[in-house]
């Protein structure tokens, strides 16, 4: 048996008509945390299929009315353990024109479990921030959400479960994770018993 990962391939589709009247459709797969293993940590923000790669933001932005304003790991979404689960990712899309998007993702309500004393990982979330300032928490699967220029979607994927007792993890590895913004200092202290000074 093994710990759980981020679920099936999350996807994002944004479509509509550009300012010149041309129809566009931007389709993207997103990645998340892979489970910790008997001998190693899980992979952060990774695809289940090694040949899959993230679409370069510059490519997407040159063909579609969207801007990728950030693409970062989500701290503390990798389940604590002797071997840490992989972290999910947060990708933020700013819509530059009107259209509609569809999202499909897993692990929004049941977190990816850990094993052999490892903790569960973090869940996925989808947050729409309207140009007006209104914040809308979306379900993990929703079709054809209408957006306008200036609206923003924050797409967070799930992490993965840890393997083994977190108190057995090498403190140097915990420090490395904190320095890489994969684990917060609070979680290092609470889950791993490691106090990061300064």
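In our numbering, the protein residues as written are 7 to 204. Even for Gly, the Cβ is constructed at its ideal location relative to N, Cα and C. The structure presented is a predicted model; accordingly, all values stated were derived computationally and were not measured.
For residue i, the residue or residues it bridges with in DSSP
| i | result |
| --- | --- |
| residue 147 | 110 |
| residue 35 | 17 |
| residue 72 | 101 |
| residue 84 | 166 |
| residue 121 | 169 |
| residue 44 | The partner list for residue 44 (beta bridge, DSSP) is empty, contrary to what the question assumes. |
| residue 30 | 22 |
heavy atom of the ligand MG below 7 angstroms from residue i C-beta
| i | result |
| --- | --- |
| residue 181 | Because no ligand of any kind appears in the structure shown, any question about the ligand MG cannot be addressed here. |
Distance CB(residue i)-CB(residue j) smaller than 8 angstroms
| i | j | result |
| --- | --- | --- |
| residue 33 | residue 73 | no |
| residue 142 | residue 152 | no |
| residue 80 | residue 165 | yes |
| residue 118 | residue 85 | yes |
| residue 95 | residue 38 | yes |
| residue 90 | residue 168 | yes |
| residue 82 | residue 193 | yes |
| residue 160 | residue 98 | yes |
| residue 190 | residue 111 | no |
Separation of residue j from residue i, as counted between CA atoms
| i | j | result |
| --- | --- | --- |
| residue 107 | residue 131 | 15 angstroms |
| residue 28 | residue 157 | 21 angstroms |
| residue 35 | residue 92 | 17 angstroms |
| residue 149 | residue 126 | 29 angstroms |
| residue 173 | residue 129 | 23 angstroms |
| residue 52 | residue 154 | 30 angstroms |
| residue 136 | residue 171 | 42 angstroms |
| residue 184 | residue 102 | 34 angstroms |
| residue 104 | residue 61 | 22 angstroms |
| residue 70 | residue 204 | 43 angstroms |
| residue 123 | residue 42 | 12 angstroms |
| residue 9 | residue 179 | 20 angstroms |
| residue 199 | residue 176 | 11 angstroms |
For residue i, three-class secondary structure by DSSP
| i | result |
| --- | --- |
| residue 77 | strand |
| residue 12 | coil |
| residue 98 | strand |
| residue 21 | strand |
Beta carbon proximity, residue i to chain D, threshold 8 angstroms
| i | result |
| --- | --- |
| residue 15 | Considering every chain present, this structure includes no chain D. It has just one protein chain. |
Along the chain, which unbroken stretches of the alpha helix (DSSP H) at least 4 residues long are found entirely within the segment 123-189?
Whole alpha helix (DSSP H) segments, 4+ residues: 177-185.
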